[in-house]
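Trainee:
Protein chains: 2
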Amino acid sequence: MISTDSKSSDLVVQHVIRAILSNKLNPGVKLSEISLQEEFGFSRNVVREGFVKLVDAGVLIHKKNQSVRVAIPSEEQTKQIFQARRVIENGIVQILLDKYIDDELDVLAIEGLIEKEKQLHITGHNAELTQASCNFHLRLAELCHNQYLVESLRPLILLSALAASVFADKNSGFCSFQEHQDLFNAIKSKDKSKTIAAINRHLNNCVESLNFDLKPKERTSYSHIFN
Amino acid sequence: MISTDSKSSDLVVQHVIRAILSNKLNPGVKLSEISLQEEFGFSRNVVREGFVKLVDAGVLIHKKNQSVRVAIPSEEQTKQIFQARRVIENGIVQILLDKYIDDELDVLAIEGLIEKEKQLHITGHNAELTQASCNFHLRLAELCHNQYLVESLRPLILLSALAASVFADKNSGFCSFQEHQDLFNAIKSKDKSKTIAAINRHLNNCVESLNFDLKPKERTSYSHIFN
DNA sequence: TCAACAATAATTGTCTACAATATTAATTTT
DNA sequence: AAAATTAATATTGTAGACAATTATTGTTGA
Chain A
1 MISTDSKSSD LVVQHVIRAI LSNKLNPGVK LSEISLQEEF GFSRNVVREG FVKLVDAGVL
61 IHKKNQSVRV AIPSEEQTKQ IFQARRVIEN GIVQILLDKY IDDELDVLAI EGLIEKEKQL
121 HITGHNAELT QASCNFHLRL AELCHNQYLV ESLRPLILLS ALAASVFADK NSGFCSFQEH
181 QDLFNAIKSK DKSKTIAAIN RHLNNCVESL NFDLKPKERT SYSHIFN
Chain B
228 MISTDSKSSD LVVQHVIRAI LSNKLNPGVK LSEISLQEEF GFSRNVVREG FVKLVDAGVL
288 IHKKNQSVRV AIPSEEQTKQ IFQARRVIEN GIVQILLDKY IDDELDVLAI EGLIEKEKQL
348 HITGHNAELT QASCNFHLRL AELCHNQYLV ESLRPLILLS ALAASVFADK NSGFCSFQEH
408 QDLFNAIKSK DKSKTIAAIN RHLNNCVESL NFDLKPKERT SYSHIFN
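Residue numbers (our numbering), protein chains in the order written: chain A, 1 to 227; chain B, 228 to 454.
(1) Could you tell me whether the segment 126-135 of chain A touches the segment 359-375 of chain B, using the rule of 3 or more Cβ pairs below 8 Å?
(2) Express the C-alpha separation of residue 387 of chain B and residue 441 of chain B in angstroms, rounding to a whole number.
(3) Does the segment 111-129 of chain A come close enough to the segment 201-211 of chain A to have 3 or more Cβ pairs within less than 8 Å?
(4) In whole angstroms, what is the alpha-carbon distance linking residue 107 of chain A and residue 85 of chain A?
(5) Starting from residue 12 of chain A, trace the beta strand (DSSP E) both ways and give me its first and last residue.
(6) Determine the DSSP secondary structure at residue 272 of chain B, reduced to helix, strand or coil.
(7) What do you reckon, are the CB atoms on residue 177 of chain A and residue 92 of chain A nearer than 8 Å?
(8) The alpha helix (DSSP H) with residue 295 of chain B in it runs from where to where?
(9) Hey, residue 267 of chain B and residue 239 of chain B are a contact pair by Cβ (cut 8 Å); roughly how many whole angstroms apart?
(10) Given a cut-off of 8 Å, decide if residue 193 of chain A and residue 88 of chain A are closer than it, judged by their beta-carbon atoms.
(11) Please state whether DSSP places residue 118 of chain A in a helix, a strand or coil.
(12) Work out the CA separation of residue 101 of chain A and residue 303 of chain B for me, nearest whole Å.
(13) By the criterion of Cβ-Cβ separation under 7 Å, what are the contact partners of residue 37 of chain A in chain B?
(14) Taking the straight line between their C-alpha atoms, what separation do you get for residue 376 of chain B and residue 391 of chain B?
(15) Would you mind reading off the limits of the alpha helix (DSSP H) that contains residue 377 of chain B?
(16) Mind listing the chain A neighbours of residue 307 of chain B? Cutoff is C-beta to C-beta under 7 Å, in chain order.
(17) Less than 8 Å separating the beta-carbons of residue 257 of chain B and residue 296 of chain B?
(18) Does the CB of residue 325 of chain B have a neighbour CB from chain A at under 8 Å?
(19) Compare the C-beta of residue 141 of chain A with all C-beta atoms of chain B and state if any pair is closer than 8 Å.
(20) According to DSSP, is residue 258 of chain B helix, strand or coil?
(21) Checking contacts by CB at 8 Å: is residue 156 of chain A closer than that to chain B?
(22) Which residues in the same chain have their Cβ closer than 6 Å to the Cβ of residue 181 of chain A, if we skip the five residues on either side of it in sequence?
(23) For residue 158 of chain A versus residue 20 of chain A, is the C-beta distance shorter than 8 Å?
(24) Using CA atoms only, rank isn't needed, just tell me which of A:46, A:191, A:90 is closest to residue 310 of chain B.
(25) Here's a check: name, in chain order, each residue in its chain whose Cβ is nearer than 7 Å to the Cβ of residue 411 of chain B, leaving out the five neighbours to either side.
(26) Under three-state DSSP, which class holds residue 60 of chain A?
(27) How is residue 133 of chain A classed by DSSP in three states: helix, strand or coil?
(28) By Cβ distance, which residues of its chain are closer than 6 Å to residue 436 of chain B, with the 5 residues on each side in sequence left out?
(29) Is residue 351 of chain B buried or exposed, if buried means 16 or more other CB atoms sit within 10 Å of its CB?
(30) Against chain A, with Cβ distances strictly below 8 Å, would residue 424 of chain B count as a contact?
(31) So the candidates are A:62, A:7, A:18; which of them puts its Cα closest to the Cα of residue 33 of chain A?
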């Protein structure tokens with residue numbers, strides 16, 4: 001559960017997450033405690049604490065006596081990640097649908113997010129688009145008003161971003177905003193089976209757009225990217 | 228993601244979890260870093276690291292400059308916990324059902340667990356029964372061979388145990404093994420809607436067996452319980 | 001007797017230091 | 001020149017120390 005509390009170590013968590021989502025931190029990159037200590041001014045202890053949380057979430061990998069590395073999802077793991085997402089996000093959209101039918105759902109909040117994705121797509125801000133695309137899925141979870149669903153989904157979203165960074169070709173249409181739009185329309189139609197079909201189609205397309213034969217990319221080591 | 232890795236801090240995590248599941252650690256109880264340091268022989272640093280993971284999972288609560296405490300789930304949180312469980316465990320049983328239909332599921336492994344629950348119920352080993360009952364749900368998750376589903380469910384199971392410790396009357400039939408048997412039979416029938424009905428009935432009964440008007444119990448402070 | 005206040009003790013947050021391990025660079029050997 | 005070995009460097013794991021904060025105890029006054 002990667003929280004957003006007020007502890008200093010959570011700032012480390014936030015910075016790492018933001019760096020991953022904006023593609024400044026790639027899978028496999030080493031992160032030493034000292035380098036982040038210097039960059040943030042926190043003590044090494046605080047950095048370690050942040051790392052523990054990220055390792056716990058599966059976003060960082062930590063072998064004993066070695067520096068932590070950004071996780072490199074395997075093909076098998078990627079498929080598991082999206083299976084888990086199908087389970088959780090199926091539940092989420094059904095909860096949202098119930099809320100919408102009972103007039104307790106602010107659909108405009110969702111529409112705004114999709115609009116922002118569209119803008120970023122047009123202007124070609126790819127780094128921000130990844131972030132916005134992740135935000136869409138997380139915001140849907142948040143609209144359920146269930147902290148446990150949010151915290152279950154959050155690490156999976158991050159891992160998905162890493163998987164995309166490993167296996168997605170440029171412009172492969174991974175997690176496209178058009179499909180977000182489709183999902184949104186399905187919810188607005190108040191049709192349960194249509195909505196479920198939309199979320200499953202979207203998540204399946206995400207996996208199928210990946211190219212698992214892609215050769216591993218060269219990964220430069222970490223060098224002052226948190227700015 | 229409360230892992231079971233080989234790090235020393237994970238031993239702290241394991242001990243705390245076991246103490247909670249065997250009812251030796253009750254909601255609201257304070258845990259000081261020093262007392263566990265003395266008990267385990269680890270350095271305070273290691274204990275802290277374990278605490279960070281448990282706080283992250285929501286099992287422990289940590290306010291700045293105060294000792295961590297075992298979480299006391301509220302009524303609202305408890306309902307959210309079980310809503311999240313419904314979502315995840317619905318997915319799990321459907322995956323298992325698919326596996327069973329494809330002859331890839333070892334049903335005997337499940338049957339053995341239920342048998343053990345029955346034994347513990349008869350012999351009145353209530354502490355072990357709680358643990359066995361939690362194990363049943365987690366084992367179902369593990370049989371999906373999806374680490375992310377397991378790690379999503381694990382904290383929810385722990386929190387459920389805490390919620391029961393707060394809101395369950397003695398012998399209220401919280402999470403009964405009979406319903407586990409029913410669920411198992413439904414899976415064996417290879418009937419999807421029957422299986423889904425069984426898991427939802429079980430989880431709903433869990434919540435409904437709780438008494439949210441129960442007055443908060445007296446909580447003795449921590450005193451050498453990890454033995 | 002009880003409440004408010006002050007003094008003491010205990011606990012956490014943070015930093016520094018040092019040993020153990022891993023990584024890198026340099027040297028030697030073939 | 002390439003591989004293997006050795007030396008040097010860097011990084012992690014752990015422990016300990018001190019300040020800041022909180023919890024507890026003891027005291028005073030009504």
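A virtual CB, placed ideally from N, CA and C, is assigned to each residue, including glycine.
Given the structure is predicted, the values throughout are model-derived calculations rather than measurements.
Mentor: Taking the definition as stated:
(1) Proximity of the segment 126-135 of chain A to the segment 359-375 of chain B falls short of the contact definition, fewer than three beta-carbon pairs being nearer than 8 Å.
(2) Working through the second sequence from its first residue, we reach residue 441 of chain B at position 214. Working through the second sequence from its first residue, we reach residue 387 of chain B at position 160. The straight-line gap from Cα to Cα measures roughly 16 Å.
(3) Too few Cβ pairs lie closer than 8 Å, so no.
(4) On the first sequence, position 107 is the one that residue 107 of chain A refers to. On the first sequence, position 85 is the one that residue 85 of chain A refers to. For residue 107 of chain A and residue 85 of chain A, the distance between alpha carbons rounds to 22 Å.
(5) Locating residue 12 of chain A in the first sequence gives position 12, where the first residue counts as 1. Taken as a continuous stretch (DSSP letters only), residue 12 of chain A belongs to no beta strand (DSSP E), being part of the alpha helix (DSSP H) at 8-21.
(6) Translated into the one-based positions of the second sequence, residue 272 of chain B becomes position 45. In the three-state reduction of the DSSP assignment, residue 272 of chain B falls in the helix class, which pools H, G and I.
(7) Walking along the first sequence from the start, residue 177 of chain A turns up at place 177. Walking along the first sequence from the start, residue 92 of chain A turns up at place 92. No, these two residues do not count as a Cβ contact at 8 Å.
(8) Indexing the second sequence from 1 puts residue 295 of chain B at position 68. Where residue 295 of chain B is concerned, there is no enclosing alpha helix (DSSP H), although the beta strand (DSSP E) around it starts and stops at 295-297.
(9) On the second sequence, position 40 is the one that residue 267 of chain B refers to. On the second sequence, position 12 is the one that residue 239 of chain B refers to. The C-beta separation of residue 267 of chain B from residue 239 of chain B comes to about 7 Å, placing the pair in contact by the 8 Å criterion.
(10) The count along the first sequence starts at 1 and reaches residue 88 of chain A at position 88. The count along the first sequence starts at 1 and reaches residue 193 of chain A at position 193. Going by beta carbons, residue 88 of chain A and residue 193 of chain A fall outside the 8 Å limit.
(11) For the purposes of this step, residue 118 of chain A is taken as residue 118 along the first sequence, with counting starting at 1. The answer is helix: DSSP assigns residue 118 of chain A an H, G or I state.
(12) Position 76 of the second sequence, counted from the first residue, corresponds to residue 303 of chain B. Position 101 of the first sequence, counted from the first residue, corresponds to residue 101 of chain A. Going by C-alpha positions, residue 303 of chain B is about 22 Å away from residue 101 of chain A.
(13) Here residue 37 of chain A is taken as the residue at index 37 of the first sequence, counted from 1. Within 7 Å Cβ-Cβ: nothing; residue 37 of chain A doesn't reach chain B, min ~16 Å.
(14) Taking the first residue of the second sequence as position 1, residue 376 of chain B is located at position 149. Taking the first residue of the second sequence as position 1, residue 391 of chain B is located at position 164. Roughly 22 Å separates the two Cα atoms.
(15) Taking the second sequence and counting its residues from 1, the one referred to as residue 377 of chain B is at position 150. If you look at residue 377 of chain B, you'll find it in the alpha helix (DSSP H) that goes 374-394.
(16) Reading the second sequence from its first residue, position 80 is the one you call residue 307 of chain B. For residue 307 of chain B, the residues of chain A that pass the 7 Å Cβ criterion are 146, 147, 148, in the order they occur in the chain.
(17) As a first step, residue 257 of chain B is located in the second sequence; it is residue number 30 there, counting from the start. As a first step, residue 296 of chain B is located in the second sequence; it is residue number 69 there, counting from the start. At the C-beta level, residue 257 of chain B and residue 296 of chain B come within 8 Å of one another.
(18) Within the second sequence, residue 325 of chain B is the residue found at index 98, counting from 1. Not closer than 8 Å to any Cβ of chain A, the Cβ of residue 325 of chain B fails to qualify, so no.
(19) Within the first sequence, residue 141 of chain A is the residue found at index 141, counting from 1. So, not an interface residue.
(20) Along the second sequence, one-based indexing puts residue 258 of chain B at 31. Three-state result, residue 258 of chain B: strand.
(21) Locating residue 156 of chain A in the first sequence gives position 156, counting from the first residue. Chain B, which has a Cβ nearer than 8 Å to the Cβ of residue 156 of chain A, makes this yes.
(22) Within the first sequence, the letter at position 181 stands for residue 181 of chain A. Sequence-distant Cβ neighbours of residue 181 of chain A in its own chain, meaning closer than 6 Å and more than five residues away, are 114.
(23) In the first sequence, counting from the first residue as 1, residue 158 of chain A sits at position 158. In the first sequence, counting from the first residue as 1, residue 20 of chain A sits at position 20. Their beta carbons are under 8 Å apart, which means residue 158 of chain A touches residue 20 of chain A by this criterion.
(24) Numbered from 1 along the second sequence, position 83 holds the residue referred to as residue 310 of chain B. The option with the nearest alpha carbon to residue 310 of chain B is A:90.
(25) Position 184 of the second sequence holds residue 411 of chain B. Cβ within range, chain order: 337, 338, 341.
(26) Taking the first sequence and counting its residues from 1, one reaches residue 60 of chain A at position 60. Collapsing the DSSP output to three states places residue 60 of chain A in a strand.
(27) As a working mapping, residue 133 of chain A is identified with position 133 in the first sequence. Note: residue 133 of chain A maps to helix in three-state DSSP.
(28) By one-based count along the second sequence, residue 436 of chain B stands at place 209. Cβ neighbours of residue 436 of chain B beyond the five flanking positions: 399, 400, 401.
(29) Translated into positions along the second sequence, residue 351 of chain B becomes position 124. Per the 10 Å Cβ criterion, exposed.
(30) As a position in the second sequence, residue 424 of chain B is number 197, starting the count at 1. When Cβ-Cβ separations below 8 Å define contact, residue 424 of chain B makes no contact with chain A.
(31) Mapped onto the first sequence, residue 33 of chain A falls at position 33. With distances taken between CA atoms, residue 33 of chain A lies nearest to A:62 out of A:62, A:7, A:18.
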